[in-house]
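So that you can map any letter, position 102 of the sequence shown is 658 in the numbering used here, and since no number is skipped, the others follow by simple counting. Note that the Cβ used here is the ideal one computed from N, Cα and C, for glycine as well. Written out below as structure tokens is the structure these notes cover.
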Amino acid sequence: MIYQCLRGASLCDIEAAGMSGYFTLHDRSVFPCDPNGVPFTASYIQSTGDPITDILEDLAAEQKARTTYEHLMTLTDNPDIIEPLRFLRQREVNHYQRFGECLQILQEMIPNNNVRYKNQFAECSFT
557 MIYQCLRGAS
567 LCDIEAAGMS
577 GYFTLHDRSV
587 FPCDPNGVPF
597 TASYIQSTGD
607 PITDILEDLA
617 AEQKARTTYE
627 HLMTLTDNPD
637 IIEPLRFLRQ
647 REVNHYQRFG
657 ECLQILQEMI
667 PNNNVRYKNQ
677 FAECSFT
């Protein structure tokens, strides 16, 4: 969408939109970063080894993404931007529902949400 919005924009348009810093570093190309220009890093990906904790983290991530798409949709009235955002928002809802189903399965499989008996290191001594 960034490329779509910048395609055909003049340098004056880019400057007026406050994108001159982005243009200076990346021209009109796509660069994965947050709205403040902080580049994407894999450190955003969490994993604890506890399936319940990890699924709950996934559920939260899907809700955060859905909320972000909704916020972006309020910033424009351009249907060429809103339609893909609607699709992406619905995809997050679907992911949230599937992760919810996984959580239910895990909770049924693991008595009292205790994963220690499933942990391969539970019997090991680390001293």
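A straight-line Cα-Cα distance of about 14 Å links R622 and E613.
Assignment of alpha helix (DSSP H) within the region 633-673, counting only whole runs of 4 or more residues, yields 635-665 in chain order. Of the candidates S603, R642, E664 and G577, R642 places its Cα closest to the Cα of M557. The distance from the Cβ of Y652 to that of E618 is about 4 Å, consistent with a contact at the 8 Å cut-off.
With contacts defined by Cβ atoms closer than 8 Å, F596 and P588 form a contacting pair. By the neighbour-count criterion, in which a residue is buried when 16 or more other Cβ atoms sit within 10 angstroms of its Cβ, R654 is exposed.
Counted as a single uninterrupted DSSP element, the alpha helix (DSSP H) harbouring T580 occupies residues S576 to H582. With respect to the 8 Å criterion, L659 and I601 are not classified as neighbours on the basis of their beta carbons. Residue range I558 to L562 is occupied by the alpha helix (DSSP H) that includes Y559.
D614: member of the alpha helix (DSSP H) spanning P607 to T630, first to last residue. Nearest in C-alpha terms to M665, of all of S566, I608 and T630, is I608.
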